[in-house]
Amino acid sequence: MKNKSVIEEADDVRRAVEMVQLGARMQMLEVETRLSREKLLKIYKEVRGASPPKGMLPFSTDWFMTWQPNVHSSLFMNLYRYFTGPAGVQGLDAILKSYHLYLDHIEAGVIEPALSLTRAWTLVRFFDADLLQMAACTRCGGEFVVHAHDPVHDYVCGLCNMPSRAGSARRKTTTRKAVAPTRKAASASSRKAVVA
Ligand SMILES: [Zn+2]
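Position 111 of the sequence shown, counted from 1, bears residue number 113 in the numbering used here, the numbering being contiguous throughout.
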């Protein structure tokens with residue numbers, strides 16, 4: 003790109019280094035800086051001591067809906083919305099600040115971060131493209147990532163409604179002790195489980 007000043011380029015290098023340190027893939031670096039691919043490859047190798055992985059980013063919105071990724075993505079999006087709202091931070095800076103804070107939260111809880119920086123970046127792009135939205139859980143009031151245009155008036159989040167028995171719920175052979183409550187209640191709840 004033309005008219006690139008030395009200061010702008012230095013700024014791009016600094017951001018590229020920070021993104022690589024946080025685990026960014028090449029696609030993100032190419033979109034978010036004005037540096038050449040050659041220069042980015044050089045930075046990548048220097049910071050990580052290895053070449054970047056090849057291939058496309060396999061991400062679809064569905065990944066963000068699975069249970070653990072959804073909890074992590076929702077935490078990230080809440081931080082991101084704080085930075086882009088009340089804190090007035092924009093663009094890549096908001097993503098990087100949110101991601102740092104996300105890692106702080108996750109590491110404080112001694113959990114593995116399920117959300118990579120590149121996925122977090124993709125998540126923001128999905129929001130920008132109106133493919134995803136936030137919905138408030140009707141039980142805990144927390145805000146969670148859901149598909150855009152999903153009905154959300156009775157939304158219940160993955161923390162309030164933990165997935166478990168989903169497919170293998172009720173097998174004929176295991177009903178010996180569990181039938182204790184009234185038959186009506188049991189059949190009502192099994193009907194609910196089928197609907198869910
Ligand atoms: Zn909830």
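Positions of the beta carbon are idealized from the N, C-alpha and C atoms, including for glycine.
{"Item": "Residue from Q29, V73, I45 and L81 whose Cα sits closest to the Cα of G212", "Value": "The structure shown does not extend to residue 212, since the chain is modelled only from 3 through 198, so no value can be given for it."}
{"Item": "One or two residues paired with E2 in a DSSP bridge", "Value": "An answer regarding residue 2 cannot be provided, because it is not within the stretch 3 to 198 covered by the chain."}
{"Item": "Other residues of its chain near T86: CB distance less than 7 Å, five sequence neighbours each side excluded", "Value": "Q92 and A96"}
{"Item": "Boundaries of the alpha helix (DSSP H) in which M79 is found, first to last residue", "Value": "W69 to T86"}
{"Item": "Beta-ladder partner(s) of H149, from DSSP", "Value": "L134"}
{"Item": "C-alpha gap between L98 and N163, whole angstroms", "Value": "31 Å"}
{"Item": "Helix, strand or coil at Y157 [DSSP, three-state]", "Value": "coil"}
{"Item": "Exposure of C142, with buried meaning 16 or more beta-carbon neighbours within 10 Å", "Value": "exposed"}
{"Item": "Assigned exposure category for R27 - 16 Cβ within 10 Å defines buried", "Value": "buried"}
{"Item": "Opening and closing residue of the alpha helix (DSSP H) in which M21 lies", "Value": "V8 to Q23"}
{"Item": "Reduced DSSP category for T124 - H, G, I as helix; E, B as strand; rest coil", "Value": "helix"}
{"Item": "Within 8 Å, strictly: CB atoms of V147 and S75", "Value": "yes"}
{"Item": "Backbone CA spacing between D152 and W69 [nearest angstrom]", "Value": "17 Å"}
{"Item": "Residue of M67, T63, L59 and R16 minimising C-alpha distance to Y46", "Value": "R16"}
{"Item": "Length of the line joining the Cα atoms of S100 and R83", "Value": "9 Å"}
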